[in-house]
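Have a look at the structure below, then the notes.
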Amino acid sequence: MMTPAVSDVAGYHAHVYYDPDSRERAARVRDGLSNAFTVRLGRWHDKAVGPHPKGMYQVAFSVDEFARVVPWLMLNREGLDVLVHPESGDDLTDHTSHAMWLGDKLTLNTEIFTER
């Protein structure tokens, strides 16, 4: 397997995880991202979806925004767990070995990537 080049990264996703007790904090983080950056906000998923083990929403952002969005999330995630990963075309690797976690590292359902 060839190691992808940085130039192969088309963009980034952040997945902000929450549960019913932390949904209000997740909404504040979401509003902060929307107000401060050029991002695409995904739908709210109040239950586990895809490889994600609990409720979350996705934030998509460009390579150029990475250096602004990720530090902001580091400082403003309100104690929520956040997965940040590249979009290189390899979903399994992007969500695992190429990913970074802010907060606790949650266990993803990676079997979903091999079931396709």
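Numbering (my numbering), first residue to last: 17 to 132. Quick reminder that beta carbons are idealized off the backbone N, C-alpha and C, glycines included. It should be emphasised that the depicted structure is a prediction, and the values quoted were computed from it without experimental measurement.
Assumed close pair residue 74, residue 114 - CB separation to whole angstroms, cut-off 8 Å: Residue numbering aside, residue 74 sits at position 58 when the sequence shown is read from its first letter. Residue numbering aside, residue 114 sits at position 98 when the sequence shown is read from its first letter. With 8 Å as the limit, residue 74 and residue 114 do not qualify as a contact, their Cβ atoms being about 16 Å apart.
Touching by the beta-carbon criterion (3+ pairs, under 8 Å), the region 42-62 and the region 76-83: yes
Residues of its chain near residue 65, where Cβ-Cβ distance is below 8 Å and the 5 sequence neighbours each way are ignored: On the sequence shown, position 49 is the one that residue 65 refers to. Hits under 8 Å: 72.
Exposure label - residue 35; buried when at least 16 CB within 10 Å: For the purposes of this step, residue 35 is taken as residue 19 along the sequence shown, with counting starting at 1. Classification of residue 35: exposed, given that the 10 Å Cβ count is below 16.
Residue 125 versus residue 33 - alpha carbon distance: Reading the sequence shown from its first residue, position 109 is the one you call residue 125. Reading the sequence shown from its first residue, position 17 is the one you call residue 33. Each residue's alpha carbon lies about 14 Å from the other.
Straight-line Cα distance separating residue 116 from residue 94: For the purposes of this step, residue 94 is identified with residue 78 of the sequence shown, where counting begins at 1. For the purposes of this step, residue 116 is identified with residue 100 of the sequence shown, where counting begins at 1. The straight-line gap from Cα to Cα measures roughly 17 Å.
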